[in-house]
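Our numbering applies: residue 24 is where the sequence shown begins, and numbers increase by one. Contents: one structure, followed by commentary.
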Amino acid sequence: MIEATASVDIDAPAASAWAVVADYRLDPLWRRGVEEMRPTPAGLVVPGTTTVERMRFAGRAMRNDGVVRTVEPGSRFEWRTTTGVEAEGSRSVVPLGPRRCRVDLVLRVRLRGLAAPAGPLLRRGLRADAARLATLVEARERRPGFDTAGTSTHEIGRAMGVTTQAQKRFVPRTAEEDLGGGLYTRFTPRAQNTVLAAQQAALRLQAPEVTTEHLVLGLLTEPRPIAGEAFRRLGGGDLDRIREAVEAATGPAVDTPPSNPPFSSGARKALDLTRREALRMGHNYIGTEHLLLGILSDPADPADPAATLARLGVEHAATETFVHEALAAVIAAREPS
(Lines of atoms letter the chains of each structure in order from A; the text may use other names.)
(Lines give C-alpha, C1' and ligand atoms only; values in the text may rest on other atoms or scores of the structure.)
Protein backbone atom coordinates (compact mmCIF):
# COMPACT_ATOMS: atom_id res chain seq x y z
CA MET A 24 0.00 0.00 0.00
CA ILE A 25 1.06 3.58 -0.61
CA GLU A 26 1.36 5.60 2.60
CA ALA A 27 0.97 9.37 2.84
CA THR A 28 1.22 11.48 5.98
CA ALA A 29 0.69 15.16 6.68
CA SER A 30 0.87 17.32 9.80
CA VAL A 31 -0.22 20.90 10.26
CA ASP A 32 -0.08 23.30 13.23
CA ILE A 33 -3.32 25.19 13.80
CA ASP A 34 -3.89 28.38 15.79
CA ALA A 35 -6.98 27.06 17.56
CA PRO A 36 -7.74 24.86 20.57
CA ALA A 37 -7.57 21.11 20.05
CA ALA A 38 -11.32 20.85 20.65
CA SER A 39 -11.99 23.20 17.72
CA ALA A 40 -9.84 21.10 15.39
CA TRP A 41 -11.48 17.89 16.60
CA ALA A 42 -14.92 19.36 15.86
CA VAL A 43 -13.88 19.58 12.20
CA VAL A 44 -11.72 16.49 11.60
CA ALA A 45 -14.13 14.21 13.47
CA ASP A 46 -17.23 15.44 11.62
CA TYR A 47 -17.18 13.80 8.20
CA ARG A 48 -19.91 16.13 6.93
CA LEU A 49 -17.30 18.90 6.75
CA ASP A 50 -14.84 16.91 4.61
CA PRO A 51 -15.93 18.52 1.29
CA LEU A 52 -14.87 21.90 2.69
CA TRP A 53 -11.21 20.90 3.02
CA ARG A 54 -10.56 17.66 1.12
CA ARG A 55 -9.98 18.35 -2.55
CA GLY A 56 -12.08 16.23 -4.89
CA VAL A 57 -14.61 15.15 -2.25
CA GLU A 58 -18.07 16.09 -3.48
CA GLU A 59 -20.12 14.49 -0.72
CA MET A 60 -19.44 12.68 2.54
CA ARG A 61 -22.43 11.17 4.34
CA PRO A 62 -21.80 9.64 7.78
CA THR A 63 -24.26 7.51 9.77
CA PRO A 64 -24.89 8.57 12.46
CA ALA A 65 -24.32 12.24 11.64
CA GLY A 66 -22.11 14.33 13.90
CA LEU A 67 -18.82 13.47 15.59
CA VAL A 68 -17.50 9.99 14.85
CA VAL A 69 -18.12 7.06 17.16
CA PRO A 70 -16.89 3.48 16.80
CA GLY A 71 -18.88 1.92 13.97
CA THR A 72 -19.78 5.17 12.19
CA THR A 73 -20.30 4.29 8.51
CA THR A 74 -19.61 6.67 5.63
CA VAL A 75 -20.54 7.08 1.98
CA GLU A 76 -17.99 9.19 0.11
CA ARG A 77 -18.42 10.48 -3.44
CA MET A 78 -15.33 12.02 -4.98
CA ARG A 79 -13.27 12.54 -8.09
CA PHE A 80 -9.68 11.41 -8.50
CA ALA A 81 -7.67 11.72 -11.71
CA GLY A 82 -10.85 12.77 -13.50
CA ARG A 83 -12.80 9.67 -12.42
CA ALA A 84 -15.98 9.66 -10.34
CA MET A 85 -15.68 7.31 -7.37
CA ARG A 86 -17.78 6.03 -4.49
CA ASN A 87 -16.08 4.69 -1.38
CA ASP A 88 -17.91 3.29 1.63
CA GLY A 89 -16.11 3.18 4.94
CA VAL A 90 -16.32 2.53 8.66
CA VAL A 91 -14.71 4.06 11.75
CA ARG A 92 -12.81 1.35 13.60
CA THR A 93 -11.63 2.99 16.84
CA VAL A 94 -12.16 6.37 18.49
CA GLU A 95 -10.30 8.13 21.28
CA PRO A 96 -12.73 11.06 21.76
CA GLY A 97 -11.12 14.44 21.25
CA SER A 98 -7.84 12.85 20.23
CA ARG A 99 -7.72 10.21 17.49
CA PHE A 100 -9.76 7.88 15.32
CA GLU A 101 -8.96 5.16 12.78
CA TRP A 102 -10.98 4.30 9.69
CA ARG A 103 -10.96 1.95 6.71
CA THR A 104 -12.94 1.53 3.51
CA THR A 105 -15.33 -1.36 3.02
CA THR A 106 -16.04 -0.90 -0.70
CA GLY A 107 -14.38 1.08 -3.47
CA VAL A 108 -10.70 1.97 -3.24
CA GLU A 109 -8.91 -0.12 -0.62
CA ALA A 110 -7.70 2.37 1.98
CA GLU A 111 -7.24 2.97 5.69
CA GLY A 112 -5.90 5.71 7.88
CA SER A 113 -6.23 7.86 10.95
CA ARG A 114 -6.76 11.44 12.07
CA SER A 115 -5.19 12.75 15.28
CA VAL A 116 -5.33 16.04 17.18
CA VAL A 117 -2.43 16.88 19.52
CA PRO A 118 -2.71 19.90 21.89
CA LEU A 119 0.27 22.25 21.73
CA GLY A 120 -1.10 24.76 24.22
CA PRO A 121 -4.43 26.27 25.26
CA ARG A 122 -5.04 27.81 21.83
CA ARG A 123 -2.79 25.83 19.52
CA CYS A 124 -2.75 22.25 18.28
CA ARG A 125 -1.41 19.92 15.61
CA VAL A 126 -3.41 17.65 13.33
CA ASP A 127 -1.79 14.51 11.94
CA LEU A 128 -3.35 12.80 8.92
CA VAL A 129 -2.36 9.29 7.82
CA LEU A 130 -3.56 7.66 4.60
CA ARG A 131 -2.67 4.22 3.28
CA VAL A 132 -4.19 3.26 -0.05
CA ARG A 133 -3.84 0.54 -2.67
CA LEU A 134 -4.37 1.99 -6.16
CA ARG A 135 -4.57 -0.80 -8.68
CA GLY A 136 -3.64 -0.04 -12.27
CA LEU A 137 -2.37 3.49 -11.61
CA ALA A 138 1.09 4.71 -12.49
CA ALA A 139 3.98 5.07 -10.07
CA PRO A 140 3.54 8.88 -9.73
CA ALA A 141 0.35 8.18 -7.74
CA GLY A 142 2.42 8.07 -4.52
CA PRO A 143 3.89 11.58 -4.77
CA LEU A 144 0.53 12.86 -6.01
CA LEU A 145 -1.27 11.46 -2.97
CA ARG A 146 1.32 12.91 -0.60
CA ARG A 147 1.12 16.36 -2.16
CA GLY A 148 -2.66 16.18 -2.10
CA LEU A 149 -2.77 15.21 1.58
CA ARG A 150 -0.42 18.06 2.51
CA ALA A 151 -2.64 20.48 0.59
CA ASP A 152 -5.72 19.08 2.35
CA ALA A 153 -4.02 19.64 5.72
CA ALA A 154 -3.36 23.28 4.82
CA ARG A 155 -7.00 23.77 3.82
CA LEU A 156 -8.08 22.12 7.06
CA ALA A 157 -6.00 24.61 9.08
CA THR A 158 -7.54 27.51 7.18
CA LEU A 159 -11.05 26.20 7.85
CA VAL A 160 -10.52 25.54 11.57
CA GLU A 161 -8.94 28.95 12.13
CA ALA A 162 -11.78 30.67 10.23
CA ARG A 163 -14.39 28.90 12.36
CA GLU A 164 -12.46 29.79 15.51
CA ARG A 165 -12.50 33.49 14.62
CA ARG A 166 -16.29 33.31 14.28
CA PRO A 167 -17.25 30.04 15.97
CA GLY A 168 -20.25 28.55 14.16
CA PHE A 169 -20.95 31.81 12.42
CA ASP A 170 -19.85 33.89 9.49
CA THR A 171 -20.19 37.52 8.50
CA ALA A 172 -21.62 39.71 11.27
CA GLY A 173 -22.68 36.66 13.27
CA THR A 174 -24.56 35.10 10.36
CA SER A 175 -24.41 31.35 9.88
CA THR A 176 -23.30 29.91 6.57
CA HIS A 177 -26.68 28.21 6.17
CA GLU A 178 -28.49 31.51 6.73
CA ILE A 179 -26.31 33.32 4.18
CA GLY A 180 -26.88 30.62 1.58
CA ARG A 181 -30.61 30.54 2.24
CA ALA A 182 -30.93 34.34 2.11
CA MET A 183 -29.08 34.45 -1.20
CA GLY A 184 -31.28 31.72 -2.65
CA VAL A 185 -28.51 29.10 -2.64
CA THR A 186 -30.17 25.80 -1.82
CA THR A 187 -28.24 22.74 -0.75
CA GLN A 188 -29.16 21.12 -4.06
CA ALA A 189 -27.88 24.12 -6.01
CA GLN A 190 -24.59 24.03 -4.12
CA LYS A 191 -24.02 20.48 -5.42
CA ARG A 192 -24.37 21.34 -9.10
CA PHE A 193 -21.41 21.30 -11.46
CA VAL A 194 -20.27 24.11 -13.68
CA PRO A 195 -20.56 23.31 -17.42
CA ARG A 196 -18.95 19.99 -18.29
CA THR A 197 -16.06 21.51 -20.24
CA ALA A 198 -14.95 23.62 -17.30
CA GLU A 199 -15.35 20.72 -14.88
CA GLU A 200 -13.20 18.41 -16.98
CA ASP A 201 -10.50 21.07 -17.45
CA LEU A 202 -10.34 22.25 -13.86
CA GLY A 203 -11.39 19.23 -11.79
CA GLY A 204 -14.81 18.64 -10.28
CA GLY A 205 -14.81 18.67 -6.47
CA LEU A 206 -14.51 22.39 -5.83
CA TYR A 207 -17.18 23.42 -8.31
CA THR A 208 -20.00 21.50 -6.66
CA ARG A 209 -20.13 24.43 -4.22
CA PHE A 210 -20.35 27.19 -6.86
CA THR A 211 -23.63 29.12 -6.71
CA PRO A 212 -25.63 29.20 -9.96
CA ARG A 213 -24.48 32.77 -10.64
CA ALA A 214 -20.85 31.85 -10.03
CA GLN A 215 -21.29 28.95 -12.44
CA ASN A 216 -22.77 31.38 -14.97
CA THR A 217 -19.71 33.58 -14.51
CA VAL A 218 -17.38 30.73 -15.47
CA LEU A 219 -19.51 29.96 -18.52
CA ALA A 220 -19.53 33.66 -19.49
CA ALA A 221 -15.73 33.73 -19.16
CA GLN A 222 -15.50 30.85 -21.64
CA GLN A 223 -17.85 32.69 -23.99
CA ALA A 224 -15.77 35.88 -23.69
CA ALA A 225 -12.64 33.93 -24.64
CA LEU A 226 -14.43 32.55 -27.70
CA ARG A 227 -15.75 35.98 -28.71
CA LEU A 228 -12.27 37.51 -28.45
CA GLN A 229 -10.70 34.55 -30.32
CA ALA A 230 -8.40 33.81 -27.39
CA PRO A 231 -6.29 30.65 -27.22
CA GLU A 232 -7.22 30.11 -23.55
CA VAL A 233 -9.54 31.39 -20.82
CA THR A 234 -7.57 33.92 -18.75
CA THR A 235 -8.15 35.86 -15.55
CA GLU A 236 -9.28 38.81 -17.68
CA HIS A 237 -12.04 36.64 -19.11
CA LEU A 238 -13.11 35.69 -15.58
CA VAL A 239 -13.48 39.41 -14.79
CA LEU A 240 -15.50 39.89 -17.97
CA GLY A 241 -17.65 36.97 -16.86
CA LEU A 242 -18.26 38.65 -13.51
CA LEU A 243 -19.34 41.82 -15.31
CA THR A 244 -22.13 39.89 -17.05
CA GLU A 245 -23.71 39.23 -13.64
CA PRO A 246 -24.44 42.78 -12.38
CA ARG A 247 -26.97 41.81 -9.70
CA PRO A 248 -24.92 39.66 -7.29
CA ILE A 249 -22.52 41.05 -4.70
CA ALA A 250 -19.52 41.16 -7.06
CA GLY A 251 -21.49 43.31 -9.51
CA GLU A 252 -22.51 45.66 -6.71
CA ALA A 253 -18.85 45.89 -5.63
CA PHE A 254 -17.83 46.91 -9.16
CA ARG A 255 -20.48 49.64 -9.14
CA ARG A 256 -19.80 50.93 -5.63
CA LEU A 257 -16.00 50.85 -5.68
CA GLY A 258 -15.37 51.38 -9.39
CA GLY A 259 -17.31 54.60 -9.72
CA GLY A 260 -20.52 53.08 -11.02
CA ASP A 261 -19.36 52.77 -14.63
CA LEU A 262 -19.27 49.08 -15.52
CA ASP A 263 -18.55 49.87 -19.17
CA ARG A 264 -15.35 51.68 -18.18
CA ILE A 265 -14.21 48.66 -16.17
CA ARG A 266 -15.15 46.29 -18.98
CA GLU A 267 -13.23 48.34 -21.57
CA ALA A 268 -10.12 48.53 -19.36
CA VAL A 269 -10.10 44.79 -18.72
CA GLU A 270 -10.85 43.87 -22.32
CA ALA A 271 -8.00 46.11 -23.49
CA ALA A 272 -5.65 44.07 -21.31
CA THR A 273 -6.54 40.75 -22.92
CA GLY A 274 -3.99 39.19 -25.23
CA PRO A 275 -4.14 39.36 -29.02
CA ALA A 276 -6.64 37.25 -30.94
CA VAL A 277 -5.41 34.17 -32.78
CA ASP A 278 -6.40 33.16 -36.30
CA THR A 279 -7.64 29.70 -35.35
CA PRO A 280 -8.77 29.73 -31.71
CA PRO A 281 -9.77 26.42 -30.12
CA SER A 282 -13.49 25.71 -29.95
CA ASN A 283 -13.11 24.78 -26.27
CA PRO A 284 -10.25 26.94 -24.93
CA PRO A 285 -8.50 25.60 -21.82
CA PHE A 286 -8.07 27.65 -18.66
CA SER A 287 -4.73 29.43 -18.36
CA SER A 288 -2.41 28.91 -15.40
CA GLY A 289 -3.35 32.38 -14.16
CA ALA A 290 -7.08 31.59 -14.30
CA ARG A 291 -6.48 28.30 -12.50
CA LYS A 292 -4.56 30.15 -9.79
CA ALA A 293 -7.36 32.71 -9.44
CA LEU A 294 -9.90 29.90 -9.00
CA ASP A 295 -7.72 28.23 -6.38
CA LEU A 296 -7.47 31.56 -4.55
CA THR A 297 -11.26 31.79 -4.83
CA ARG A 298 -11.56 28.56 -2.84
CA ARG A 299 -9.14 29.92 -0.25
CA GLU A 300 -11.16 33.11 0.11
CA ALA A 301 -14.35 31.13 0.76
CA LEU A 302 -12.58 28.94 3.33
CA ARG A 303 -10.96 31.94 5.00
CA MET A 304 -14.39 33.54 5.42
CA GLY A 305 -15.82 30.27 6.74
CA HIS A 306 -18.37 29.90 3.91
CA ASN A 307 -19.50 26.52 2.58
CA TYR A 308 -20.48 27.89 -0.84
CA ILE A 309 -18.55 29.82 -3.50
CA GLY A 310 -20.24 32.91 -4.90
CA THR A 311 -19.29 35.71 -7.25
CA GLU A 312 -17.94 37.65 -4.26
CA HIS A 313 -15.38 34.93 -3.52
CA LEU A 314 -14.38 34.80 -7.19
CA LEU A 315 -13.78 38.55 -7.24
CA LEU A 316 -11.76 38.40 -4.00
CA GLY A 317 -9.72 35.52 -5.41
CA ILE A 318 -8.88 37.53 -8.52
CA LEU A 319 -7.96 40.59 -6.43
CA SER A 320 -5.78 38.71 -3.94
CA ASP A 321 -2.70 38.48 -6.19
CA PRO A 322 -1.95 41.88 -7.84
CA ALA A 323 1.82 41.39 -8.15
CA ASP A 324 2.01 41.92 -11.92
CA PRO A 325 1.10 45.48 -13.04
CA ALA A 326 -0.49 43.93 -16.14
CA ASP A 327 -2.60 41.54 -14.05
CA PRO A 328 -6.37 42.20 -13.87
CA ALA A 329 -6.06 42.65 -10.09
CA ALA A 330 -3.73 45.60 -10.64
CA THR A 331 -6.00 46.98 -13.37
CA LEU A 332 -9.03 46.78 -11.09
CA ALA A 333 -7.12 48.30 -8.17
CA ARG A 334 -6.26 51.32 -10.33
CA LEU A 335 -10.00 51.71 -10.94
CA GLY A 336 -10.75 51.59 -7.21
CA VAL A 337 -11.70 47.93 -6.91
CA GLU A 338 -9.01 46.52 -4.61
CA HIS A 339 -8.98 43.60 -2.19
CA ALA A 340 -9.32 45.25 1.24
CA ALA A 341 -12.16 47.57 0.24
CA THR A 342 -13.92 44.76 -1.61
CA GLU A 343 -13.73 42.41 1.38
CA THR A 344 -15.22 45.11 3.63
CA PHE A 345 -18.01 45.66 1.10
CA VAL A 346 -18.69 41.91 0.89
CA HIS A 347 -19.09 41.58 4.67
CA GLU A 348 -21.44 44.58 4.75
CA ALA A 349 -23.45 43.31 1.79
CA LEU A 350 -23.92 39.83 3.25
CA ALA A 351 -25.01 41.30 6.58
CA ALA A 352 -27.52 43.49 4.73
CA VAL A 353 -28.91 40.48 2.85
CA ILE A 354 -29.65 38.74 6.15
CA ALA A 355 -31.03 41.88 7.81
CA ALA A 356 -33.46 42.36 4.92
CA ARG A 357 -34.96 38.93 5.61
CA GLU A 358 -35.44 39.48 9.33
CA PRO A 359 -38.85 40.77 10.49
CA SER A 360 -38.81 44.40 11.59
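Even for Gly, the Cβ is constructed at its ideal location relative to N, Cα and C.
For residue 181, the three-state DSSP class (helix, strand or coil):
Per-residue confidence for residue 181 stands at a pLDDT of 47, beneath the threshold of 50, marking its modelled position as unreliable; no derived number is given.
Less than 9 Å between the C-beta atoms of residue 226 and residue 280, yes or no?
Contact flag set, yes.
Buried or exposed: which applies to residue 283, given that a residue is buried once 16 or more other Cβ atoms fall within 10 Å of its Cβ?
So residue 283 ends up on the exposed side.
Is residue 75 helix, strand or coil by DSSP?
Under the three-state reduction of DSSP output, residue 75 falls in the strand class.
Whole angstroms are fine: how far does the CA of residue 64 sit from the CA of residue 111?
Going from the Cα of residue 111 to the Cα of residue 64 covers about 20 Å.
With 9 Å as the threshold, decide whether the Cβ of residue 112 is near any Cβ in chain C.
You won't find chain C in this structure, because it holds only one protein chain.
So residue 263 is in the alpha helix (DSSP H); what residue range does that whole segment cover?
Looking at the DSSP string, the run of the alpha helix (DSSP H) that includes residue 263 is 262 to 271.
Does the stretch 30 to 46 come close enough to the stretch 110 to 126 that 3 or more CB-CB pairs lie under 8 Å?
These segments touch.
Nearest to residue 270 by CA position, among 228, 248, 150, 287, is which residue?
Answer by Cα proximity: 228.
Candidates 306, 256, 41: which alpha carbon is nearest residue 335's?
With respect to the C-alpha of residue 335, the residue from 306, 256, 41 having the closest C-alpha is 256.
Cα separation between residue 99 and residue 260?
Spanning the two alpha carbons is a distance of roughly 53 Å.
Does DSSP put residue 30 in a helix, a strand or coil?
Annotated three-state conformation of residue 30 is strand, per DSSP.
When you compare only the Cα positions, how much space is there between residue 27 and residue 296?
Roughly 25 Å between the two C-alpha positions.
In chain order, what residues of the same chain lie with their CB nearer than 6 Å to the CB of residue 86, ignoring the 5 residues before and after it?
Excluding sequence neighbours, residue 86 sits near 77, 107.
What residue does the beta strand (DSSP E) around residue 110 start on, and which one ends it?
Start and end: 109 to 120.
Quickly, what does DSSP pair residue 60 with across the bridge? List them, please.
According to DSSP, which records beta bridges pairwise, residue 60 is partnered with 76.
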